[in-house]
Each structure stands twice: as structure tokens, then as C-alpha cells.
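Chemist: Protein chains in written order, with the working numbering: chain A, 1 to 112; chain B, 1 to 113. Beta carbons: idealized from backbone N, C-alpha and C, even for Gly. Right, I'll just put the structure down here and ask away after.
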Amino acid sequence: KAGVTQTPRYLIKTRGQQVTLSCSPISGHRSVSWYQQTPGQGLQFLFEYFSETQRNKGNFPGRFSGRQFSNSRSEMNVSTLELGDSALYLCASSLAGHDGYTFGSGTRLTVV
Amino acid sequence: DQQVKQNSPSLSVQEGRISILNCDYTNSMFDYFLWYKKYPAEGPTFLISISSIKDKNEDGRFTVFLNKSAKHLSLHIVPSQPGDSAVYFCAASVMEYGNKLVFGAGTILRVKS
């Protein structure tokens, strides 16, 4: 079966711009979570969506937002980009429970 | 505030020997723990998990041990193979809070042939 698909794989943006990242979960998975991975902070939880509703939120500023569509696809948006937002953004989907948590390959965002 | 800590940034082991990766946590509410493996340019891959009601879980070459009183868990890989070389992340969660995982910083494992 197809895995979790994240697009684009790589992105370069300028400070102050905004960016939208996309995640297509495994078919049938209704929970989609987003994580930020940086060398200094490791993997940090951004938010989780389940059936189009935000179910959990991490400790990130309001510039980071997301949404989930009726087909479970999710988008993450970062506004007013800062240099520190440069990171690998990972999406994970699950049917139920953590064991079925499958990560995508991520989107590498570079802010210059 | 690092609630999940992997104090060894790297570990080097000879092929065929045991690899032991360690993880400590501070939040006593965590009741589910997982290990993930990550290769460069790929997302983390689930390896094995353990619930707080158990103290050991095995899956093939991988065994996870949980010591709740010490707030410590470890992943044992026996025997280690060169293909096991990757970054290993420990993660923890509170099951009733849904799919919110708190990750450690990771340990780079190198298995030498």
C-alpha cells in the first residue's frame, strides 16, 4: 500500500514569506500529526488532526497552523518565516494507536 | 524542559554483538513508549513499543526493557548487523492524550563489520 506522501520534498523560502506543506496519509488513516526536526531540538510535536479537527497542539507560536480535509489530507502553514524555521517537517498518519504511526519522508524547508 | 533524554549521542558496536540504547524520562504520566529508527533523508520507522503495564517486550532481534521506578528504558539489539546503523529515537506518550509523542534527541548507532 502507498505510504505517507509529503510534498514538496525540498523548499527554499525567504524570511518573511509564508509556506504551505502538504501531507497525504495512508488510505484509511484519519489521524495526521506534524513534527519539526532540527539538529538542536530533535523531533518536536507541532499538532495532530483527527477527522478534520485539531486534537492536540504542541508549544509552537501561532505562525504555525494546520488543517485537515475531509479526505484526511493535511496541510501545514508557516507564516512570516524566520531563519530558525529551517528544519525537516515530518508528517505521520495512523489508523489507531501509536504502533500504526507511519511517517513520511519529510519536507526539508530552508529559510534564507 | 527535556522530558525524554537520550544521553548517548552515539554508540559504536561490532557486528554480531549486542547494542544497548538507553533512554530516561521525567514525566511520570507517560504510559507508552516507543523506539524508532531513522535513516538519512527518510522518516522515522517504528521498531518496537512497550506499555507501562509491562517491563519487557520482544520482537525478533529487538527487546525493549522498561524500569518504571527508575524512569528508564532500553533497547537491546541482538545480534547487531551493519544494516542496523541508523539514528535511534526513543519516544513517550500519555495514551489518553492521543497521538502526541515526545521524542528524545536520538542516538547514532554504528555497527562495524
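1) What does L133/B reach in chain A if we use C-beta pairs closer than 9 Å?
2) Only counting runs of 3 or more residues, tell me where the beta strand (DSSP E) segments fall wholly within the region 17 to 80 of chain A, in order along the chain.
3) I'd like the list of long-range same chain contacts for L11/A, defined as Cβ closer than 8 Å, with 5 residues on each side in sequence excluded.
4) Would a C-beta distance cut-off of 8 Å place V111/B and S51/B closer than the cut-off?
5) In the DSSP assignment, find the beta strand (DSSP E) that holds I108/B and state where it starts and stops.
6) Comparing the C-beta of R30/A with each C-beta of chain B, is any distance below 8 Å?
7) How about Y88/B and K5/B: are their beta carbons less than 8 Å apart?
8) Using a Cβ cut-off of 8 Å (strictly closer), state whether R55/A contacts chain B.
9) T80/A and G16/A - do their beta-carbons sit closer together than 8 Å?
10) Considering Cα atoms alone, identify which of S69/B, H76/B and Y39/B is closest to I48/B.
Modeler: On the basis of the supplied data:
1) Any answer about residue 133/B is impossible in this case: the structure gives chain B only from 1 up to 113.
2) Segments of the beta strand (DSSP E) lying fully in the region 17 to 80 of chain A: 19 to 24, 31 to 38, 42 to 50, 53 to 57, 64 to 68 and 74 to 78.
3) Locating residue 11/A in the first sequence gives position 11, where the first residue counts as 1. So the list reads V19, L21, T107, R108, L109 and T110, once near-sequence residues are dropped.
4) Translated into positions along the second sequence, residue 111/B becomes position 111. Translated into positions along the second sequence, residue 51/B becomes position 51. Result no, Cβ atoms of V111/B and S51/B do not sit closer than 8 Å.
5) If you number the second sequence from 1, residue 108/B lands on position 108. Counting along the chain, the unbroken beta strand (DSSP E) around I108/B starts and ends at T107 to K112.
6) For the purposes of this step, residue 30/A is taken as the residue at position 30 of the first sequence. No, its Cβ sits nowhere closer than 8 Å to a Cβ of chain B.
7) Translated into the one-based positions of the second sequence, residue 88/B becomes position 88. Translated into the one-based positions of the second sequence, residue 5/B becomes position 5. Not closer than 8 Å, so no.
8) Here residue 55/A corresponds to residue number 55 of the first sequence, with the count starting at 1. R55/A counts as touching chain B.
9) Taking the first sequence and counting its residues from 1, the one referred to as residue 16/A is at position 16. Taking the first sequence and counting its residues from 1, the one referred to as residue 80/A is at position 80. Yes, Cβ-Cβ distance for G16/A and T80/A is below 8 Å.
10) By one-based count along the second sequence, residue 48/B stands at place 48. Comparing alpha carbon positions, the residue from S69/B, H76/B and Y39/B closest to I48/B is H76/B.
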